[in-house]
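Peer 1: Heads up: the protein sequence lines correspond to chains D and G, in order.
The opening position of the first sequence corresponds to residue 2 in my numbering, with each subsequent residue numbered one higher.
The opening position of the second sequence corresponds to residue 323 in my numbering, with each subsequent residue numbered one higher.
Glycine included, C-beta positions come from ideal geometry on N, C-alpha and C.
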Amino acid sequence: MSNAKARIMNHYVDDAVVATCMDTRLNDEIGIQQWGEELYGLVDRLKTKKLVINFQNVIFMSSSSLRVLITVNSRCKGKGIKLALCGINDNIMEAFKITRLDSVFKIKKGEMEAVKSL
Amino acid sequence: MTTTAESPNPPVWKIDRTFPSVFGKASSLIDEVLAQMTALGWSNRDVFAVNMALEESVSNAIEHGNHGNPKKHFRVICTVSEKLVSIQVRDEGKGFRRDLVPNPLDDENIETPSGRGTLLIRGFMTRVNYNDAGNEITMEKEPTPAS
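Laid out in structure tokens, this is it:
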């Protein structure tokens, strides 16, 4: 992951903000830290109560990136924001299942499905 | 020259390198291992599994074993054949007792941010063992049967 580019791109779908992860691999510590800071900043300034994180571009995630997601989830709960994840490929989904995080997060296949689930 | 469909001793590719405890230093080694697996016909699913095991074990060696001290090193030995990937990662730390690490699968820990690297390694690899000191992990992956 390079250091200069944005890690997430945000857009509205109905009354939800969708944050699309722009990296294909979430595995290097510095990049994950930057990705986390962008997500935390987004949660802090979010005007709506619905957030979807879209992983359609991501082919690899390490446990450090799962750690960031758990913190994002916690911050969302603290602000009363509903959170859903989407676009997770089968390999990464296996990591969610192994860690039982599939029971912690609301996970949907597609973006619209995720928005409507909130 | 005659060839058999299944050789009893398939060729084994091996890599053995030592790195300072700095994140990213082993990324080229990981890329080489994954490229070898792909060249030998391993499935995308199994390549992902070994990728996860390498990332997590190297990260543990740097962060928990050597406490991020760049003067300390970790060693990675990896062999790849058509039937087996074997990985050994050793750091200079004092090791750890696995029974003292909180289980992230327990309900009270499920939303605790840390502690999932070892769990992912166990989940994705076929066999995982530690030396007695706890500063060396050995992992093996066999091809996942097609479903």
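Give the residues of chain C in contact with N373 of chain G, contact being defined as C-beta atoms less than 7 Å apart.
Peer 2: Protein chains in the displayed structure are D and G, and chain C is not among them.
Peer 1: In the DSSP assignment, what residue or residues form a beta bridge with K48 of chain D?
Peer 2: Its beta-bridge partners do not exist; DSSP assigns none.
Peer 1: Measuring only the C-alpha atoms, how far is F278 of chain G from T49 of chain D?
Peer 2: The question about residue 278 of chain G has no answer, for chain G in this structure spans 323 to 469.
Peer 1: Looking at C-alpha atoms only, which residue of D:I60, D:L40, D:G111 is the closest neighbour of R68 of chain D?
Peer 2: D:L40
Peer 1: If we define contact as Cβ-Cβ less than 8 Å, is P426 of chain G a contact residue for chain D?
Peer 2: yes
Peer 1: Which of helix, strand or coil does DSSP assign to H12 of chain D?
Peer 2: DSSP places H12 of chain D in the strand class (E or B) of the three-state scheme.
Peer 1: Using a Cβ-Cβ distance under 8 Å, would E464 of chain G count as near chain D?
Peer 2: no
Peer 1: What is the DSSP secondary structure of D338 of chain G, reduced to helix, strand or coil?
Peer 2: Shown here, D338 of chain G sits in a strand according to DSSP, grouped into three states.
Peer 1: Does DSSP put A115 of chain D in a helix, a strand or coil?
Peer 2: Collapsing the DSSP output to three states places A115 of chain D in a helix.
Peer 1: Would you say the beta carbon of R449 of chain G comes nearer than 7 Å to a heavy atom of the ligand SAH?
Peer 2: Of the ligands one can find in the structure shown there are none, so the ligand SAH has no counterpart to examine.
Peer 1: So, for T448 of chain G: in the same chain, excluding its five sequence neighbours on each side, which residues have a beta-carbon less than 6 Å away from its beta-carbon?
Peer 2: E462, K463, E464
Peer 1: Please identify, using Cβ separations under 7 Å, the residues of the segment 339-356 of chain G that lie next to chain D, in order along the chain.
Peer 2: F345, G346
Peer 1: Bridge partners for N55 of chain D per DSSP, in chain order?
Peer 2: Paired residues: D:T21, D:C87.
Peer 1: Going by C-alpha distance, which of D:L47, D:R8, D:K110, D:D16 is nearest I33 of chain D?
Peer 2: D:R8
Peer 1: Any beta carbon of chain G sitting closer than 8 Å to that of A96 of chain D?
Peer 2: yes
Peer 1: On the criterion of 16 or more Cβ atoms from any shown chain inside 10 Å, does G81 of chain D qualify as buried, or is it exposed?
Peer 2: exposed
Peer 1: Using a threshold of 8 Å, state whether the C-beta atoms of N74 of chain D and V105 of chain D are closer than that.
Peer 2: yes
Peer 1: If you measure from the beta carbon of G363 of chain G to each beta carbon in chain D, is any gap under 8 Å?
Peer 2: No - not a single Cβ of chain D is within 8 Å of the one on G363 of chain G.
Peer 1: Which class does E414 of chain G belong to by DSSP, given the choice of helix, strand or coil?
Peer 2: coil
Peer 1: As a quick exercise: from D:N90, D:K98, D:V14, pick the residue whose alpha carbon is nearest that of E114 of chain D.
Peer 2: D:V14
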